[in-house]
């Protein structure tokens, strides 16, 4: 699914990490761990083409996505990638339904069955019947549920989650992990940057940054 080969990232004279290699397969949940400042979010951003590595390759189905042009990047983000942000990345003055529709509008195949998909996604995250509520009136845990529902309707094959449980209580953390595990069982590759031992232990594999596993 995703093969990272000899990846390095520097900011000026500071090297964040060097010569990282890892593989994430379909149906796998991988935890990225390490202390603050070790570059977990930066690595996620490189995988999601929001940032560029200084050296190395990131291969998706054999193609080096770091060499993609604008159109290929747009299609990769539209058809392959799903992102779950710590800050939810929702449109706060829009309704729950409108936030989910943003995920399906770019893809015609999803638009054709959007109504049923949105209702089913909200049912799965415990927000059935709340599609007309405005996002800014929801609690933090409920907003993360909306973000998860957005992922469900988007149907990505690669999910990148940046500290998705950092601001959540135990029940909402369990809900997030259950939803991500369900997506991985359906064949999605899931990469989670986390400080949370519960999240780490729920993953299939762990890759630690800022340790001897990564050349500094």
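Numbering (the UniProt record's numbering), first residue to last: 1 to 216. C-beta atoms are modelled at their ideal positions from N, C-alpha and C, and glycine is treated no differently. Being a predicted model, the structure only gives us computed values, none of them experimental.
Alpha-carbon to alpha-carbon, residue j and residue i
i	j	result
residue 93	residue 129	18 angstroms
residue 59	residue 87	28 angstroms
residue 156	residue 180	12 angstroms
residue 115	residue 101	A caution first: residue 115 carries a pLDDT of 48, below 50, which makes its placement in the model too unreliable to give a value.
residue 117	residue 175	19 angstroms
residue 50	residue 127	30 angstroms
residue 161	residue 192	5 angstroms
residue 171	residue 13	43 angstroms
residue 205	residue 105	34 angstroms
residue 229	residue 169	Residue numbering for the chain in the displayed model covers 1 to 216; residue 229 lies beyond these limits and cannot be assessed.
residue 77	residue 42	17 angstroms
residue 140	residue 163	14 angstroms
residue 137	residue 5	44 angstroms
residue 20	residue 103	32 angstroms
residue 85	residue 64	24 angstroms
residue 144	residue 44	19 angstroms
residue 184	residue 167	23 angstroms
residue 11	residue 46	14 angstroms
residue 1	residue 142	31 angstroms
Residue i, buried or exposed, once every other Cβ within 10 Å from all chains shown has been counted against 16
i	result
residue 111	Since pLDDT at residue 111 reaches only 48, below the 50 mark, its modelled position is unreliable, and no value is offered.
residue 30	buried
residue 189	buried
residue 62	exposed
residue 121	buried
residue 123	exposed
residue 75	exposed
residue 198	exposed
residue 48	buried
Contact belief for residue i with residue j at Cβ below 8 angstroms, rounded distance in angstroms
i	j	result
residue 135	residue 96	6 angstroms
residue 37	residue 7	No, residue 37 and residue 7 are not in contact; Cβ-Cβ is about 18 angstroms, not under 8 angstroms.
residue 53	residue 33	Not confirmed; about 20 angstroms, so no contact.
Close beta carbons around residue i, own chain, < 7 angstroms, minus the five adjacent residues each side
i	result
residue 3	23, 59
residue 39	9, 16, 17, 209
Beta-carbon contacts of residue i that lie in its chain and below 6 angstroms, excluding the five residues immediately before and after
i	result
residue 196	165
residue 82	151, 154, 156, 159
residue 187	26, 27
residue 132	95
residue 35	210
residue 148	125, 179
residue 237	There is no way to answer for residue 237, as the model of the chain reaches only from 1 to 216.
residue 73	49
Cβ neighbours of residue i in the same chain (closer than 8 angstroms, five flanking residues each side left out)
i	result
residue 99	90, 91, 135, 146, 150
residue 200	31, 33, 194, 206
Entirely within the region 50 to 117 and at least 3 residues each: give me those beta strand (DSSP E) ranges in chain order. If one requires a minimum length of 3 residues, the beta strand (DSSP E) runs lying completely within the region 50 to 117 are 55 to 60, 81 to 84, in chain order.
### Message
Extract the residue ranges of the beta strand (DSSP E) inside the region 109 to 189, only unbroken runs of 3 or more that lie entirely within it.
### Response
With a minimum length of 3 residues, the unbroken runs of beta strand (DSSP E) contained wholly in the region 109 to 189 fall at 158 to 162.
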